[in-house]
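Engineer: What follows is a structure written as structure tokens; I'll ask about it next.
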Amino acid sequence: MNHMTAAQAIVEMLRREGIRKVFCVPGESYLPLLDALYDEPSIAIISARHESGAAFMAEGYAKAKLMPGIVLATRGVGASNLSIAVHTAFQDSTPMIVFLGQVNQDFKGREGFQEVDLVQYFQPIAKWAVEVTNPQRVPEIVGRAFRIAQSGRPGPVIISLPEDILPVKADMQFGPKAVVPRPAPSEREVASVEELLFRASKPIIIAGGGVKYAAAEGRLLSFAEKHSLPVLSAFRRHDVFPNNHHLYMGHLGFGTQKEVLETVQDADLILALGTRLSEITTQDYSIITPDKNLIHIDIDYNTIGKVYAPDVGIVADLKEALACLQEIEGDVNWQPWTLARRRAYESTSKLVNTEDNVINKSIIAILRDSLPKDALLTNDAGNFAGWLHSFYPFCEKHTYIGPTSGAMGYGMPAAIGAKLAFPNKTVVSLSGDGGFMMTIQEIETAIRYRIPIICLVFNNQMYGTIRMHQEMHYPGKVIATDLGSISFKDMAIAMGAEAYQVDTAASFEIAFNQALKRDKVTIIEILTGKEAISVSTTISKLRGE
Numbered sequence: 001m002n003h004m005t006a007a008q009a010i011v012e013m014l015r016r017e018g019i020r021k022v023f024c025v026p027g028e029s030y031l032p033l034l035d036a037l038y039d040e041p042s043i044a045i046i047s048a049r050h051e052s053g054a055a056f057m058a059e060g061y062a063k064a065k066l067m068p069g070i071v072l073a074t075r076g077v078g079a080s081n082l083s084i085a086v087h088t089a090f091q092d093s094t095p096m097i098v099f100l101g102q103v104n105q106d107f108k109g110r111e112g113f114q115e116v117d118l119v120q121y122f123q124p125i126a127k128w129a130v131e132v133t134n135p136q137r138v139p140e141i142v143g144r145a146f147r148i149a150q151s152g153r154p155g156p157v158i159i160s161l162p163e164d165i166l167p168v169k170a171d172m173q174f175g176p177k178a179v180v181p182r183p184a185p186s187e188r189e190v191a192s193v194e195e196l197l198f199r200a201s202k203p204i205i206i207a208g209g210g211v212k213y214a215a216a217e218g219r220l221l222s223f224a225e226k227h228s229l230p231v232l233s234a235f236r237r238h239d240v241f242p243n244n245h246h247l248y249m250g251h252l253g254f255g256t257q258k259e260v261l262e263t264v265q266d267a268d269l270i271l272a273l274g275t276r277l278s279e280i281t282t283q284d285y286s287i288i289t290p291d292k293n294l295i296h297i298d299i300d301y302n303t304i305g306k307v308y309a310p311d312v313g314i315v316a317d318l319k320e321a322l323a324c325l326q327e328i329e330g331d332v333n334w335q336p337w338t339l340a341r342r343r344a345y346e347s348t349s350k351l352v353n354t355e356d357n358v359i360n361k362s363i364i365a366i367l368r369d370s371l372p373k374d375a376l377l378t379n380d381a382g383n384f385a386g387w388l389h390s391f392y393p394f395c396e397k398h399t400y401i402g403p404t405s406g407a408m409g410y411g412m413p414a415a416i417g418a419k420l421a422f423p424n425k426t427v428v429s430l431s432g433d434g435g436f437m438m439t440i441q442e443i444e445t446a447i448r449y450r451i452p453i454i455c456l457v458f459n460n461q462m463y464g465t466i467r468m469h470q471e472m473h474y475p476g477k478v479i480a481t482d483l484g485s486i487s488f489k490d491m492a493i494a495m496g497a498e499a500y501q502v503d504t505a506a507s508f509e510i511a512f513n514q515a516l517k518r519d520k521v522t523i524i525e526i527l528t529g530k531e532a533i534s535v536s537t538t539i540s541k542l543r544g545e
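For the sequence shown, full-length UniProt numbering assigns the number 1 to the initial residue and increments by one for each residue that follows.
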């Protein structure tokens, strides 16, 4: 037993779970918790400029570190601001625990200052939402939060903390650190996989975030190599398999090249590993058809059969599952199929830096040639990311973080979190001008805490993705998508960052090489035209001009 305040018990639980970074925007509703963190030297607190920025940092940190991200905010207003990141963590299967200050229990139900029913508010977009009403139960509830956030399909947990609870002392009993279950397939399930696998003539693997969270990239590589199986990455899970490997066949996302889609369309067996087979991965649920056999392995039983009924559905941790699948023996010659699909992928993903390239494409070539192999890239939502997704080779694990939820404003704060997780890695974020402006204030956070990230901002003065759809459906009728002329370079300098503005590939290369050498917070604003709206088309083509 330990006699301490509820706030101190929360901090003790964080310490016991190995938490070393906490992100927040401070609020008076949880001051006792901040005070308890002040007294715990092992935990560093990162105070951001906006709750969405703080929570995106925590989410990016969690993706990189493969452990729960922790974020603190106050009452209804702070909670509402960070809800976008909670939704991102939910759709991206990212473990996160959110501690929210709440109004005094005596004031609840009276529309107290900034009062929102936080449990009801977050239930649809969180794995669990709970309010602490008894100080003595803090270790139990926080311990359960860590187990829920990490077990099964990872995700966010919300803990509402009435401000009158936090300073109350009680006898606290602490249990063991949360242990994450790692279920494995049964012998019968492995035999079913073996039977379907060796009946197939054109098998493929679609690998998702479950492989990454289970740290099973190495086992996926061994299994694929043993049987010469083609591997595609699910939406924004590029680094699940080395892109330069002869068995890698491409990324299933927005604007996926037809040659990559043909690999899925022509397959007769799909092994879906650690993926929920999302709308984007499956191209609006169109490319997995009834004529294909489906083996679906995922840690979450709710995921199996949610979109497609599998021929074999297995609830298992991917590291354990792949260890069992590695024991499968057999000799089937899939190499002609594999070689043909790899050639098709290479024909469409080959990147040659020429003067005819649009600047976006040339910049990806420069990143490929200039960055260390283990550099970590994050991206915001937007069409600018199409060039990254199509042409940048992710050849090592832990080198990519992006929002499968498509949240704007994500890229730069996530880079801050990733850099804190991997301080020795070069971390680069890519954003459009629309998304970057949504969390631009977090540049100051990076500067204040000396977190040297490099931010690339593609400025075409419009919400490019929405403009593309606008031109597709209502050609020439432009409304609400044009943005004003802003110097991101000047704004960054005013906040204390290094900054450049470029409009050619040559000037970008000079600025980027300087940024790599200086190890400071750096923003490179890239002026691009409106015409090159995506990797595959232009505004003129969309209008039929």
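C-beta: ideal position from N, C-alpha, C; glycine also. In this text, all values refer to a predicted model and were calculated from it rather than measured experimentally.
(1) What is the DSSP secondary structure of Gly-432, reduced to helix, strand or coil?
(2) Tell me whether Ser-201 is buried or exposed, calling it buried when 16 or more other Cβ atoms sit within 10 Å of its Cβ.
(3) Using a Cβ-Cβ cut-off of 8 Å (strictly less than) and excluding sequence neighbours within five positions of Gln-123, which residues of its own chain qualify?
(4) How far does the alpha helix (DSSP H) with Cys-395 in it reach, from first residue to last?
(5) Is DSSP giving Met-13 helix, strand or coil here?
(6) What does the Cβ neighbour count give for Pro-475, buried or exposed, with the cut at 16 atoms within 10 Å?
(7) DSSP state of His-245, grouped into three classes?
(8) Any idea what DSSP makes of Gly-194, helix, strand or coil?
(9) Measure the alpha-carbon distance for Asn-134 versus Ala-6 and round it to whole angstroms.
(10) Is it buried or exposed, Met-472, if we count other Cβ atoms within 10 angstroms and call 16 or more buried?
(11) Could you tell me which residues DSSP pairs with Asp-171 in its beta bridges?
(12) Can you find the residues in the same chain that come closer than 6 Å, C-beta to C-beta, to Ala-149, ignoring five residues on each side of it along the sequence?
(13) I need the DSSP call for Ile-364, collapsed to helix, strand or coil.
(14) Whole angstroms is fine: what's the gap from Leu-33's alpha carbon to Tyr-61's?
(15) Could you give the DSSP three-state label for Thr-267: helix, strand or coil?
(16) State the Cα-Cα distance for the pair Glu-12 and Ala-36, rounded to the nearest angstrom.
(17) Quick check: Gly-253 and His-389, are their CB atoms within less than 7 Å of each other?
(18) Sort out for me which residues DSSP pairs Phe-99 with in a bridge.
(19) Going by beta-carbon coordinates alone, are Gly-101 and Leu-161 separated by less than 7 Å?
(20) Where Ile-479 and Glu-28 are concerned, what is the direct C-alpha to C-alpha distance, given to the nearest angstrom?
(21) Give the single residue among Ile-466, Ala-340, Ile-443 whose Cα lies nearest to the Cα of Ile-493.
(22) What does DSSP give as the partner residue(s) for Leu-377 in the beta ladder?
(23) Taking only runs of the alpha helix (DSSP H) that begin and end inside the stretch 305-374, which ones reach a length of at least 4 residues, in chain order?
(24) Measure from the alpha carbon of Gly-529 to the alpha carbon of each residue in Gly-406, Gly-464, Ala-497, Glu-545, then state which is nearest.
(25) Roughly how many angstroms lie between the CA atoms of Ala-126 and His-398, to the nearest whole one?
(26) Nearest CA to the CA of Gln-283: which residue from Ala-234, Tyr-248, Asn-81?
(27) In whole angstroms, what separates the C-alpha of Thr-348 from that of Tyr-392?
(28) Between Ile-367 and Thr-426, which are expected to be in contact by the criterion C-beta below 8 Å, what is the C-beta distance as a whole number of angstroms?
(29) Compute the Euclidean distance between the alpha carbons of Arg-16 and Pro-154, then round it to the nearest angstrom.
(30) Please name the residue in Leu-247, Ala-446, Ile-84 whose C-alpha comes closest to that of Ala-344.
(31) Which residues does DSSP pair with Phe-488 in a beta bridge?
(32) Do you know offhand how far Tyr-449's Cα is from Gly-417's?
(33) Indicate whether the contact test is met: 3 or more Cβ pairs, each with one atom in the stretch 320-338 and one in the stretch 224-231, closer than 8 Å.
(34) Tell me the rounded alpha-carbon separation between Thr-303 and Glu-131.
(35) Let me make sure I understand the geometry here. Which of Phe-56, Lys-65, Ser-93 has the alpha-carbon closest to that of Ser-83?
(36) For Tyr-522 and Glu-498, I'd like the C-alpha separation in whole angstroms.
Structural biologist: Quick look at the numbers:
(1) Counting from one through the sequence shown, the residue named residue 432 turns up at place 432. Strand, per DSSP.
(2) Reading the sequence shown from its first residue, position 201 is the one you call residue 201. Label assigned to Ser-201: exposed.
(3) For the purposes of this step, residue 123 is taken as residue 123 along the sequence shown, with counting starting at 1. Excluding sequence neighbours, Gln-123 sits near Ala-129.
(4) For the purposes of this step, residue 395 is taken as residue 395 along the sequence shown, with counting starting at 1. Premise fails: Cys-395 is in no alpha helix (DSSP H) and is neither H nor E.
(5) Within the sequence shown, the letter at position 13 stands for residue 13. Three-state DSSP puts Met-13 in a helix.
(6) Mapped onto the sequence shown, residue 475 falls at position 475. So Pro-475 ends up on the exposed side.
(7) Residue numbering aside, residue 245 sits at position 245 when the sequence shown is read from its first letter. Looking at His-245 - three-state DSSP - the assignment turns out to be coil, as it is neither helix nor strand.
(8) For the purposes of this step, residue 194 is taken as residue 194 along the sequence shown, with counting starting at 1. Residue identity check: residue 194 is Glu in the sequence provided, not Gly. Helix.
(9) Translated into the one-based positions of the sequence shown, residue 134 becomes position 134. Translated into the one-based positions of the sequence shown, residue 6 becomes position 6. The alpha-carbon atoms of Asn-134 and Ala-6 are separated by roughly 9 Å.
(10) As a position in the sequence shown, residue 472 is number 472, starting the count at 1. Classification for Met-472: exposed.
(11) Position 171 of the sequence shown, counted from the start, is the residue given in the question as residue 171. Beta-bridge pairing links Asp-171 to His-3.
(12) Numbered from its first residue, the sequence shown carries residue 149 at position 149. Here the set comprises Pro-68, Pro-95, Ile-97, Val-157.
(13) The residue you call residue 364 lines up with position 364 of the sequence shown. Looking at Ile-364 - three-state DSSP - the assignment turns out to be helix.
(14) To locate residue 33, count along the sequence shown from 1; it is residue 33. To locate residue 61, count along the sequence shown from 1; it is residue 61. Their Cα atoms are separated by approximately 21 Å.
(15) For the purposes of this step, residue 267 is identified with residue 267 of the sequence shown, where counting begins at 1. A quick correction: the sequence has Ala, not Thr, at residue 267. Note: Ala-267 maps to coil in three-state DSSP.
(16) The sequence position of residue 12 within the sequence shown is 12, counting from 1. The sequence position of residue 36 within the sequence shown is 36, counting from 1. When rounded, the distance between both Cα atoms is 9 Å.
(17) Against the sequence shown, residue 253 aligns to sequence position 253. Against the sequence shown, residue 389 aligns to sequence position 389. Cβ distance < 7 Å, so Gly-253 and His-389 count as in contact.
(18) Indexing the sequence shown from 1 puts residue 99 at position 99. In the DSSP output, where bridge partners are listed per residue, Phe-99 has Leu-72, Ile-159.
(19) Mapped onto the sequence shown, residue 101 falls at position 101. Mapped onto the sequence shown, residue 161 falls at position 161. Yes, the pair counts as a contact, with Cβ atoms nearer than the cut-off.
(20) Here residue 479 corresponds to residue number 479 of the sequence shown, with the count starting at 1. Here residue 28 corresponds to residue number 28 of the sequence shown, with the count starting at 1. Cα-Cα distance, rounded: 42 Å.
(21) Stepping through the sequence shown from its first residue, residue 493 is reached at position 493. The shortest Cα separation from Ile-493 among Ile-466, Ala-340, Ile-443 belongs to Ile-443.
(22) Numbered from its first residue, the sequence shown carries residue 377 at position 377. According to DSSP, Leu-377 bridges with Tyr-400, Val-428.
(23) 318-325, 335-349, 359-370
(24) The sequence position of residue 529 within the sequence shown is 529, counting from 1. For Gly-529, the nearest C-alpha among the options comes from Gly-464.
(25) As a first step, residue 126 must be located in the sequence shown, where it is residue number 126. As a first step, residue 398 must be located in the sequence shown, where it is residue number 398. If you take the alpha carbons of Ala-126 and His-398, they lie about 25 Å apart.
(26) Position 283 of the sequence shown, counting from 1, holds the residue named residue 283. Of Ala-234, Tyr-248, Asn-81, the residue nearest in Cα terms is Ala-234.
(27) For this step, residue 348 is matched to residue 348 along the sequence shown. For this step, residue 392 is matched to residue 392 along the sequence shown. So the two alpha carbons sit approximately 12 Å from each other.
(28) Locating residue 367 in the sequence shown gives position 367, where the first residue counts as 1. Locating residue 426 in the sequence shown gives position 426, where the first residue counts as 1. It should be pointed out that residue 367 corresponds to Leu in this sequence rather than to Ile. Not quite, the Cβ-Cβ distance comes to about 10 Å (not below 8 Å), so this is no contact.
(29) For the purposes of this step, residue 16 is identified with residue 16 of the sequence shown, where counting begins at 1. For the purposes of this step, residue 154 is identified with residue 154 of the sequence shown, where counting begins at 1. In a straight line, the C-alpha of Arg-16 is about 20 Å away from that of Pro-154.
(30) Residue numbering aside, residue 344 sits at position 344 when the sequence shown is read from its first letter. Answer by Cα proximity: Leu-247.
(31) Along the sequence shown, read from residue 1 onward, the residue named residue 488 stands at position 488. Paired residues: none, contrary to the question.
(32) As a working note, residue 449 is residue 449 in the sequence shown. As a working note, residue 417 is residue 417 in the sequence shown. About 12 Å.
(33) yes
(34) Counting from 1 along the sequence shown, the entry for residue 303 is found at position 303. Counting from 1 along the sequence shown, the entry for residue 131 is found at position 131. Cα-Cα distance, rounded: 28 Å.
(35) Stepping through the sequence shown from its first residue, residue 83 is reached at position 83. For Ser-83, the nearest C-alpha among the options comes from Phe-56.
(36) Counting from one through the sequence shown, the residue named residue 522 turns up at place 522. Counting from one through the sequence shown, the residue named residue 498 turns up at place 498. Inspection of the sequence shows that residue 522 is occupied by Thr rather than by Tyr. If you take the alpha carbons of Thr-522 and Glu-498, they lie about 5 Å apart.
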